[in-house]
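Trainee: Residue numbers (our numbering): 7 to 203.
All residues carry an ideal CB built from backbone N, CA and C; glycine is no exception.
If you're wondering where the values come from, they're calculated on a predicted model, not measured in any experiment.
This is the structure I have questions about; it appears just below.
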Amino acid sequence: MAKAKDAESILKMMKDEDIQFVDFRFTDPRGKMQHVTFHDNIIDEDTFADGVMFDGSSIAGWKAINESDMNLMPDVTTAHLDPFYGQSTLAIFCDVLEPETGEGYSRDPRMTAKKAEAFVKQSKVGDTVYVGPEAEFFIFDDVRFAADPYNTGFKLDSVELPSNSDTEYEMGNQGHRPATKGGYFPVNPTDSAQDMR
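Set out below in structure tokens:
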């Protein structure tokens, strides 16, 4: 898929790739990805010129209900097909704007990053800023919890838990387990979930 550079190239890409949905994405103040999805039949050049309105009061820490209108302005250079959706979906990251002024919203993490980059350049501390997430997650094979009057708690299990080195598994136990807090960056066979990614 070619890199988009403007609204026209996005619309052409949607037609050529038979894309049915466009997923407009943004990040909330806690770093959680949020989105709103539209069918392709309501996407046109105005969508990319005017942005997409959404309810900012639904995002914790952003707007009060009486001033909740906010605008998602798509950044066409971020457009990419999302391989994890059932229908063909184009994902586009957006800037969050104040609809009355068109200025970037001060609590939008993307806007904060842009301001930091501008400051670094303006102050001549540097000319480039690299920002990235630290992707961490857990994969459990079994999760149980209880919350009743006589039993409260949870149990987590994973084939990678160090305590499972002597567990009998139907396919056998290779004994390769990361140590506690040792699951960062190992390769197979210790990283048993590589193919899942």
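So G57 packs on L78, CB below 8 Å; how close in whole Å?
Mentor: About 5 Å; that satisfies the 8 Å criterion.
Trainee: Thinking C-alpha only, which one of M202, V28, P168, N179 is nearest Y3?
Mentor: Residue 3 lies beyond the residue range present for the chain, which begins at 7 and ends at 203; the question has no answer from this structure.
Trainee: Look up K187 in the DSSP assignment and say whether it is helix, strand or coil.
Mentor: It is coil, neither helix nor strand.
Trainee: If contact is defined by three or more beta carbon pairs under 8 Å, each pair taking one atom from either stretch, is the stretch 97 to 112 in contact with the stretch 46 to 60?
Mentor: Touching, per the Cβ criterion.
Trainee: According to DSSP, is V165 helix, strand or coil?
Mentor: Of the three classes helix, strand and coil, the one that applies to V165 here is coil, per DSSP.
Trainee: Restricting to Cα atoms, I'd like to know which of K120, E176, D12, I71 is closest to V135.
Mentor: It is K120.
Trainee: Taking the beta strand (DSSP E) that Q40 falls in, what are its first and last residues?
Mentor: It spans 39 to 45 - the beta strand (DSSP E) in which Q40 sits, taken as one unbroken run.
Trainee: What whole-angstrom Cβ distance do L3 and R150 have, given they're in contact under 8 Å?
Mentor: In this structure the chain extends from 7 to 203, so residue 3 is not present and cannot be described.
Trainee: Express the C-alpha separation of M39 and T118 in angstroms, rounding to a whole number.
Mentor: If I take the Cα positions, the gap works out to 16 Å.
Trainee: Throw me the rounded Cβ distance for the I65 and D34 pair, which I believe falls under 8 Å.
Mentor: Rounded, the Cβ-Cβ distance is 5 Å, consistent with contact.
Trainee: Using the Cα positions of T95 and A13, report the straight-line distance between them to the nearest angstrom.
Mentor: Taking the straight line from one Cα to the other gives about 16 Å.
Trainee: Name, in chain order, the residues that DSSP records as bridge partners for R31.
Mentor: Answer by DSSP bridge pairing, in chain order: H41, F99.
Trainee: How is the alpha helix (DSSP H) around A13 delimited, first residue to last?
Mentor: Where A13 is concerned, the enclosing alpha helix (DSSP H) stretches over 13 to 22.
Trainee: Using the C-alpha atoms, what's the distance from V137 back to K127?
Mentor: Near 15 Å, if we compare the C-alpha coordinates of V137 and K127.
Trainee: Counting along the chain, where does the alpha helix (DSSP H) carrying D52 start and finish?
Mentor: Per DSSP, D52 belongs to the alpha helix (DSSP H) from 51 to 56.
Trainee: Please tell me whether D147 and K161 are closer than 9 Å, where the distance is taken between their beta carbons.
Mentor: No; because the gap between Cβ atoms is not below 9 Å, this pair is not in contact.
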